[in-house]
Every structure is written in C-alpha cells, then in structure tokens.
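*Asks:* One structure coming up, written as structure tokens, with questions to follow.
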Amino acid sequence: MNLKIYKMQFHNAHFGNGVLSESETTFTSNRLFSALILESKKMGKLEEFLALADREDFVLSDAFPYKGEPFLPKPIGFPDFEDEEKDLEARRKNAKTAKKLKYIPFSLFHEYLNGTDRLEDFVEKQSELFEVVEQTKKGVDPYQVGVSYFGDTQLYFLAPKHELFQELMKSLQYSGLGGKRKSGFGSFELSCEEVSEEFSAILSSKKGGKFVALGNFYPENLTDELLTGAKYLLEKHSGFAFSTEVKETYRKQDAFTFKSGSVFSQDVAGKILDVRPSDFPHAVYHFAKPVWLNLEVSER
C-alpha cells in the first residue's frame, strides 16, 4: 500500500500524559490505533480493521506538526556534536539547544543532520507551532485541564490509502481524538494528500544503512544485529483496560517500545502487541509498526 499524508486541523485538544492540567501537542500512532479500534467496533467493522492492520504493509507514523511544510521528529543521536570542529563550550551550547528541539522542518532536515549554526532559529520555529494553556472547569469541584491550541498548525501522519481506513478516519473526525471530548475537545477536519516526490524518496528508499522510526517500534524479531550501532530510547507504556464485558478496571501489561526518533541500521517489520491483563475477556492492542525514514538519503 502506498503511503499518504493525512492532515488533521484541530482547534483544540487534550492529549493526556497522565497529568490532567497538562496536554501533549501531538499524539502517537498507538493512540490513533486505539481510537480506530473503538470506531471500527461502533461501525461493526472491527474484525475487518484488525485484518487490515495485521497486514505487513500496514504501518502508521506518529502525528507531527504541519505548518507550510511537514515537520519531522528529531533523530536520536543526531547530529553528533562531539564530531564538530568547534571548541568544547560551543559544542555544549549546541547540545543544550538541541535538547529543546522535538521537530525539524522538512526543508531544513538535511541541514540539521549535517550540523548547523542556526539551532536557535529551529527552536523559534518550533515555539510558533502550538500553544498549551490551563483551562479551569467550573463546578462543585473546579479543576484545571491542559488544552492544546493549534491555530493554523495542522497535525499530519503517514498511513496507507485504503477505503476502510479512510472510512474510519472520516467517522473519527466527528467522534474526536484525545480526552475530554464531551467538553468539545478533539474534533478535527480531515484531508488526505499525496506524499511529495521529495518526501516519498526518503520514505521508500532502501539504500543506505540508517533508518529512523517515525513512531514507537517493537520489532517482530529482536536481534543483536538490529541493536548494533543503534541510537534509541525506550519508552514504557502502562495504564488500564476497560471493557463492557467486565465491571472491574484492570491494569494492562506494561509494554516497552523503542521511542519515535530511534535510529537503527535496518528498517525491520514492527508488531502489534497484545497487552491484555490476565483473565481479561478480549485482546488489548498496542500498535508498534512504524513508518521508516532513510537518514542516509536525507543527509545527501
């Protein structure tokens, strides 16, 4: 399946991170997949969607900003500031500034990978993407909710163009994504576009030996070879599972995946994990099949 860009124009959203008064500004492929599971169940198409998701060529990226152009996640370990021909103080300053970055504009991705003196400009561009504020909800027990506002910034993700997938996404734009949807958060306007030729080249090329995961990743087969020379962070996923078939709340099995932005020498297949609690009546899925970006092509 060929990949497409799915753009989502939110006004506001609450993408929870465990702290009600905070909100993330983007969402993971697993959050999207979980929402699509619920949407497909409502529409009586759960088994059909699971069969689609189980296909080897079905992958999802995390959501990233789109403002005039797509932004990409900062690859872990790039650039290598220790290799720069600069004094120690300058290298430390650049490394400290780079820590503030999460996303790199597509047009400047090559420049970032190869080292740049304009890191402060990159940070400024990032600061213009979103605004997160705390809203006080009135009532007997007032509480604060973190809300992300997007202005003219869209979110986008990469996924195959498939009739069922598009049907579910069109339905999801009215159901909404994220938390506090009953308070009016999380609805969006959806559009689907072709991936540009330049962008597609670094997604589809198999040449070279450095690939960045554009979503959380759990390999179908974890090998020593995969980890050789890899630059990655591990991310723990935990939480609770809910079902109409049981009254109690169950804690899901913890899942550890490689974080979006992790870099490997191979773009191997990912996996959908079943993190159901013991004695739970049905599967609970964690999606970890990312889109891959070829760094060696990007650096040229």
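Using UniProt numbering, the letters of the sequence shown map in sequence onto residues 1 to 300.
Built from N, CA and C at the ideal position, the CB exists for glycine as well.
Helix, strand or coil for F109? Go by DSSP, reduced to three states.
*Replies:* As a working mapping, residue 109 is identified with position 109 in the sequence shown. Three-state DSSP puts F109 in a helix.
*Asks:* Beta-carbon within less than 7 angstroms of A241's beta-carbon, same chain only, minus the 5 sequence neighbours each way: which residues are those?
*Replies:* Taking the sequence shown and counting its residues from 1, the one referred to as residue 241 is at position 241. Result list for A241: Y250, K252, R276, P277, F280 and V284, in chain order.
*Asks:* Can you look up S127 in the DSSP assignment and give me helix, strand or coil?
*Replies:* The sequence position of residue 127 within the sequence shown is 127, counting from 1. Three-state result, S127: helix.
*Asks:* Name the two residues that bound the continuous alpha helix (DSSP H) containing K41.
*Replies:* Here residue 41 refers to the residue found at position 41 of the sequence shown. That run of the alpha helix (DSSP H) goes S29 to K42.
*Asks:* Can you tell me whether I202 is helix, strand or coil according to DSSP?
*Replies:* Taking the sequence shown and counting its residues from 1, the one referred to as residue 202 is at position 202. DSSP places I202 in helix when its eight states are reduced to three.
*Asks:* Counting along the chain, where does the beta strand (DSSP E) carrying E48 start and finish?
*Replies:* Sequence index remark: in the sequence shown, residue 48 carries index 48 (1-based). Premise fails: E48 lies in the alpha helix (DSSP H), L46 to A53, not in any beta strand (DSSP E).
*Asks:* For N17, count neighbouring Cβ atoms within 10 angstroms of its own Cβ and tell me buried if that reaches 16, exposed if not.
*Replies:* The count along the sequence shown starts at 1 and reaches residue 17 at position 17. Exposed: under 16 other Cβ atoms inside 10 Å.
*Asks:* Counting C-beta neighbours from all protein chains within 10 Å, is the total for Y174 16 or more, i.e. buried, or is it exposed?
*Replies:* On the sequence shown, residue 174 is found 174 positions in, with the first residue counted as 1. Burial call: exposed.
*Asks:* Go ahead and label D62 buried or exposed: buried means 16 or more other beta carbons lie within 10 angstroms of its beta carbon, across all protein chains shown.
*Replies:* On the sequence shown, position 62 is the one that residue 62 refers to. The residue is buried, with at least 16 neighbouring Cβ atoms inside 10 Å.
*Asks:* Hey, out of A95, K125 and K99, whose CA is closest to L108's CA?
*Replies:* Walking along the sequence shown from the start, residue 108 turns up at place 108. Nearest C-alpha to L108: K125.
*Asks:* Looking only at its own chain, which residues have a Cβ that is under 6 angstroms from the Cβ of E131, when we skip the five neighbours before and after it?
*Replies:* Translated into positions along the sequence shown, residue 131 becomes position 131. Closer than 6 angstroms at the Cβ level, and outside the excluded window around E131, lie Y149.
*Asks:* Contact defined as beta carbons within less than 8 angstroms: I believe L164 pairs with E48. What is the distance between those atoms, to the nearest angstrom?
*Replies:* What you label residue 164 is simply residue 164 of the sequence shown in a count that begins at 1. What you label residue 48 is simply residue 48 of the sequence shown in a count that begins at 1. About 6 angstroms separates the two Cβ atoms, so the contact holds.
*Asks:* Out of curiosity, what's the CA-to-CA distance linking A98 and L119?
*Replies:* The residue labelled residue 98 in the question sits at position 98 within the sequence shown. The residue labelled residue 119 in the question sits at position 119 within the sequence shown. Straight-line Cα distance between these residues: approximately 7 angstroms.
*Asks:* If G146 sits next to L32, beta carbons under 8 angstroms apart, how far is it from one beta carbon to the other, in whole angstroms?
*Replies:* Position 146 of the sequence shown holds residue 146. Position 32 of the sequence shown holds residue 32. Actually they do not touch by this definition, with Cβ atoms about 20 angstroms apart.
*Asks:* So Q166 and M8 are supposed to be a Cβ contact under 8 angstroms. How far apart are they, rounded?
*Replies:* Counted from its first residue, the sequence shown places residue 166 at position 166. Counted from its first residue, the sequence shown places residue 8 at position 8. With a Cβ gap of about 13 angstroms, Q166 and M8 do not count as contacting.
*Asks:* Within a Cβ cutoff of 6 angstroms, which residues of the same chain sit near G176, ignoring the five residues on either side of it in sequence?
*Replies:* Here residue 176 refers to the residue found at position 176 of the sequence shown. Closer than 6 angstroms at Cβ, skipping near neighbours: G186 and S187.
*Asks:* I need the DSSP call for F211, collapsed to helix, strand or coil.
*Replies:* Your numbering for residue 211 matches position 211 in the sequence shown. It is a strand residue.
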